[in-house]
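S.K.:
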Amino acid sequence: MSFNSREYEWADITVSAGGIDLVTIRAIKAKKKVEQEAVYAKGGEPYAIQKGNSSYEGEMELLKSGFDQLEDAAGGDITKARFDVLVHYGDPSKGDVMRTNKITGVSIGECEEAAKQGDKFMPVTIPFMALGIKKNI
């Protein structure tokens, strides 16, 4: 039995959004949150933990040129678009089994562009909400 302990590295990740390969992406994160509440009964210690609604959020960091490309694809206003983001992990040329996660229904409510003297490039961080995250599609 062979054992491969190689971990994914940033160079092994490909991200596409709205059908565009985001070659200027510098970071991506997405998370699922589930509401939780301790339930108390007799005594002062929790009796159980009840779970409620799920929510999904994250952020992407792109270079300005990639942000512009994504915004153009969204019709000029990225805050009015909804799209899916695919995150592909692995490099088949290195013997990796590919894994793809799909962040569905991404909606961006704000975006900020900023630069200052001396900057060599301009990163744009885009926080988002999503409708779901499908693992290993």
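Anchor point for the sequence shown: position 77 equals 88 in this note's numbering, and the numbering is continuous, going up by one each time.
Heads up, the beta-carbon is just placed ideally off N, CA and C, and yes, glycines get one too.
I'd like to know whether the C-beta atoms of residue 71 and residue 39 end up nearer to each other than 8 Å.
M.R.: Numbered from 1 along the sequence shown, position 60 holds the residue referred to as residue 71. Numbered from 1 along the sequence shown, position 28 holds the residue referred to as residue 39. Yes.
S.K.: Specify, as a first and last residue, the run of the beta strand (DSSP E) that residue 61 falls within.
M.R.: The residue labelled residue 61 in the question sits at position 50 within the sequence shown. 57–74 is the extent of the beta strand (DSSP E) around residue 61.
S.K.: Kindly confirm or deny that the segment 71–82 and the segment 129–140 touch, where touching means at least three C-beta pairs closer than 8 Å.
M.R.: The segment 71–82, when compared against the segment 129–140, does touch it at the 8 Å Cβ threshold.
S.K.: Tell me, please, which residues DSSP counts as bridged to residue 139.
M.R.: Working through the sequence shown from its first residue, we reach residue 139 at position 128. The partner list for residue 139 (beta bridge, DSSP) reads 69.
S.K.: List the whole-angstrom C-beta distance separating residue 84 from residue 115, where the pair is believed to meet the contact cut-off of C-beta under 8 Å.
M.R.: Numbered from its first residue, the sequence shown carries residue 84 at position 73. Numbered from its first residue, the sequence shown carries residue 115 at position 104. Residue 84 to residue 115, Cβ: 17 Å. No contact.
S.K.: Give the straight-line distance between the Cα atoms of residue 122 and residue 62, rounded to the nearest whole angstrom.
M.R.: Against the sequence shown, residue 122 aligns to sequence position 111. Against the sequence shown, residue 62 aligns to sequence position 51. C-alpha separation (whole angstroms): 32 Å.
S.K.: Looking only at its own chain, which residues have a Cβ that is under 7 Å from the Cβ of residue 125, when we skip the five neighbours before and after it?
M.R.: In the sequence shown, residue 125 corresponds to position 114, counting from 1. Within the same chain, residue 125 has no close Cβ partners at all.
S.K.: How many Å lie between residue 139 and residue 93 at the Cα?
M.R.: Sequence index remark: in the sequence shown, residue 139 carries index 128 (1-based). Sequence index remark: in the sequence shown, residue 93 carries index 82 (1-based). In a straight line, the C-alpha of residue 139 is about 10 Å away from that of residue 93.
S.K.: Give the single residue among 100, 97 and 78 whose Cα lies nearest to the Cα of residue 90.
M.R.: For this step, residue 90 is matched to residue 79 along the sequence shown. Checked all of 100, 97 and 78; the closest Cα to residue 90 is 78.
S.K.: Note down, in chain order, each residue of its chain lying with its Cβ closer than 8 Å to the Cβ of residue 147, except the 5 sequence neighbours on either side.
M.R.: Against the sequence shown, residue 147 aligns to sequence position 136. Correct list, in chain order: 110, 111 and 112.
S.K.: Can you check whether the C-beta of residue 119 is within less than 8 Å of a C-beta belonging to chain D?
M.R.: Here chain D cannot be found, since the structure has a single protein chain.
S.K.: What residue range does the beta strand (DSSP E) around residue 129 cover?
M.R.: In the sequence shown, residue 129 corresponds to position 118, counting from 1. Taken as a continuous stretch (DSSP letters only), residue 129 belongs to no beta strand (DSSP E), as it is neither H nor E.
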